[in-house]
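Colleague: Numbering (my numbering) for the sequence shown: 54 to 383.
Glycine included, each C-beta is placed from N, C-alpha and C at the ideal position.
Shown below is the structure under consideration.
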Amino acid sequence: MMQLVHRPRRLRKNAAIRGLVRETQLQPADLIYPMFVAEGEKLRDPISTMPGQFRFSVDELVKECQEVFSLGIGAVNLFGYSEDKDDQASKSYDPNGLVQRSIRALKDALPGLCVQTDVALDPYTHHGHDGLVVGDEIVNDESVEVLCKMALSHAEAGVDWVAPSDMMDGRVGAIRYTLDNAGFQNVGILAYSAKYASCFYGPFRGALDSAPKKGDKKTYQMDPANTREAMRELAMDVDEGADVIMIKPALSYLDIIAQARAAFDVPIAAYNVSGEFSMIHAAAEKGWLDLEKAMMEVLMSIKRAGADMILSYFAKDAAKLLKRDFGKMV
Ligand code: PBG
């Protein structure tokens, strides 16, 4: 027999002991469900590249959110699917636009649900960029003006948090200023602070028909090679008044989440993006991975890395599973 002082396996002996020493807990309240809305009625249009995800008409969105909320998920993040595109993204700030109507319907039916909305121009422009395009340039300051109008129209509709995902410089401060001047001091900002130019957004762009028609997003989204730059972006958004800072995507950037956790004391969100969701589904369909186990391991890893809240298309299924397994020593 070996004479060992430490035998870490003692603390892994059975489920009860593992439960006692578990360092990270995942709960439905940590999750934010990203959802797509489209024009129409009684519509649940399946997104082929994202199994189990739909584009909902407003009436169906409300029904779905009732179920999601009853599972203990406290927040949804809305993306509008707009067929009405132009070069100025003018539908993005229409007071009667799709997202604005969705916010009103949701706050009416479920006042306790935290309704969050994406703020970026890509679903509303022909070219599919997050800002306005002049010549070959995605122009910054002019784009921020439109983003402020968009955020304000969401606030007027009753949104709880706006989530600027566009990566233009200075937009968090400008949106904060706009909202405060209009009396919306209590509307929060969930800032996509360290958002990388990632291929993992592919299935999402298919769902919204929002892929850039020309060029890529590398002049505004970050280079996947950079860490220090992420810390700078995060610090700037904190200074500009972000309530919550986000790292996106999550899985290839767990190191950034962990470093952000150590450096900032504001709440941190991470976005488990469409490609991260779809690749697990694809592998599970082939029988190469266990879908439920992969889903829970991924979400737990993002939480362990330091995220307080996780945007994930797995949110609803994970919440169901957490409810099913509640009290069991898994
Ligand atoms: C748009 C936006 C994107 C995502 C969230 N907001 C796509 C992009 O930046 O091209 C990606 C979400 C996902 O992949 O799940 N500004």
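Excluding the 5 residues preceding and the 5 following Arg157 in the sequence, name in chain order all residues of the same chain whose CB lies nearer than 8 Å to its CB.
Modeller: Excluding positions up to five away in sequence, the list reads Ala210 and Gly211.
Colleague: The alpha helix (DSSP H) that contains Cys118, what's its start and end?
Modeller: Val111 to Ser123 is the extent of the alpha helix (DSSP H) around Cys118.
Colleague: If you follow the alpha helix (DSSP H) that Tyr230 is part of, which residue opens it and which one closes it?
Modeller: Counting along the chain, the alpha helix (DSSP H) containing Tyr230 begins and ends at Arg224 to Asn234.
Colleague: Would you check whether ligand 1 has a heavy atom nearer than 6 Å to the C-beta of Phe257?
Modeller: At least one heavy atom of ligand 1 is nearer than 6 Å to the Cβ of Phe257, so yes.
Colleague: Under 7 Å, do Pro99 and Asn130 count as touching if we go by C-beta distance?
Modeller: No; because the gap between Cβ atoms is not below 7 Å, this pair is not in contact.
Colleague: How many Å lie between Pro320 and Gln56 at the Cα?
Modeller: If you take the alpha carbons of Pro320 and Gln56, they lie about 45 Å apart.
Colleague: Tell me, to the nearest whole angstrom, how far the beta carbon of Val240 is from that of Asp213; I am working on the premise that it is less than 8 Å.
Modeller: Rounded, the Cβ-Cβ distance is 7 Å, consistent with contact.
Colleague: Taking three-plus beta-carbon pairs below 8 Å as touching, is the region 326-342 in contact with the region 255-272?
Modeller: Yes, the region 326-342 touches the region 255-272.
Colleague: Indicate the three-state DSSP secondary structure (helix, strand or coil) for Phe257 in the structure shown.
Modeller: Of the three classes helix, strand and coil, the one that applies to Phe257 here is helix, per DSSP.
Colleague: Compute the Euclidean distance between the alpha carbons of Val186 and Ser145, then round it to the nearest angstrom.
Modeller: If I take the Cα positions, the gap works out to 15 Å.
Colleague: Is Ala322 closer than 7 Å to Met362 when the C-beta atoms are compared?
Modeller: Result yes, Cβ atoms of Met362 and Ala322 sit closer than 7 Å.
Colleague: Hey, Leu301 and Lys248: beta-carbon distance below 7 Å or not?
Modeller: Contrary to the premise, residue 301 reads as Lys rather than Leu in this sequence. Yes. Within cutoff.
Colleague: Could you tell me the alpha carbon to alpha carbon distance between Met54 and Arg63, rounded to whole angstroms?
Modeller: Roughly 16 Å between the two C-alpha positions.
Colleague: Classify Gly351 as helix, strand or coil using the three-state DSSP reduction.
Modeller: Residue identity differs from the one stated: residue 351 is Val in this sequence, not Gly. Reduced to three states, the DSSP call for Val351 is helix.
Colleague: With three or more C-beta pairs closer than 8 Å as the rule, is the region 169-177 touching the region 261-278?
Modeller: In short, these stretches touch, since the Cβ pair count reaches three.
Colleague: Between Val90 and Leu151, which are expected to be in contact by the criterion C-beta below 8 Å, what is the C-beta distance as a whole number of angstroms?
Modeller: The Cβ separation is near 6 Å, so the contact holds.
Colleague: Assign Tyr197 to one of three DSSP states: helix, strand, or coil.
Modeller: Reading the sequence as shown, one finds Val at residue 197 and not Tyr. Note: Val197 maps to helix in three-state DSSP.
Colleague: Do you know whose CA, among Ala204, Cys167 and Ser218, lies nearest Asp147's CA?
Modeller: Ranking Ala204, Cys167 and Ser218 by Cα distance to Asp147 puts Ala204 first.
Colleague: What three-state label does DSSP hand Arg71 in the structure shown?
Modeller: Arg71 falls in the helix class under three-state DSSP.
Colleague: Using the rule of at least 16 other Cβ atoms within 10 Å of the residue's Cβ for burial, across every protein chain shown, is Val74 buried or exposed?
Modeller: Exposed, by the Cβ-count rule.
Colleague: Any heavy atom of ligand 1 closer than 6 Å to the Cβ of Val326?
Modeller: True, at least one ligand heavy atom lies under 6 Å from that Cβ.
Colleague: Any heavy atom of ligand 1 within a distance shorter than 6 Å of the CB on Tyr146?
Modeller: No, since every heavy atom of ligand 1 falls outside the 6 Å radius drawn around the Cβ of Tyr146.
Colleague: Identify the residues that DSSP records as bridge partners of Pro87: which are they?
Modeller: Per DSSP, Asn130.
Colleague: Do you know whose CA, among Ala82, Ala68, Gly105 and Val58, lies nearest Ala360's CA?
Modeller: Ala360 has its Cα closest to that of Ala82, out of Ala82, Ala68, Gly105 and Val58.
Colleague: With Asp161 as the anchor, note down where its alpha helix (DSSP H) starts and where it stops.
Modeller: Residues Leu151 to Ala162.
Colleague: Classify Thr280 as buried or exposed, calling it buried when 16 or more other Cβ atoms lie within 10 Å of its own Cβ.
Modeller: Exposed, since its Cβ has fewer than 16 Cβ neighbours within 10 Å.
Colleague: Contact defined as beta carbons within less than 8 Å: I believe Lys95 pairs with Glu117. What is the distance between those atoms, to the nearest angstrom?
Modeller: About 12 Å; that fails the 8 Å criterion.
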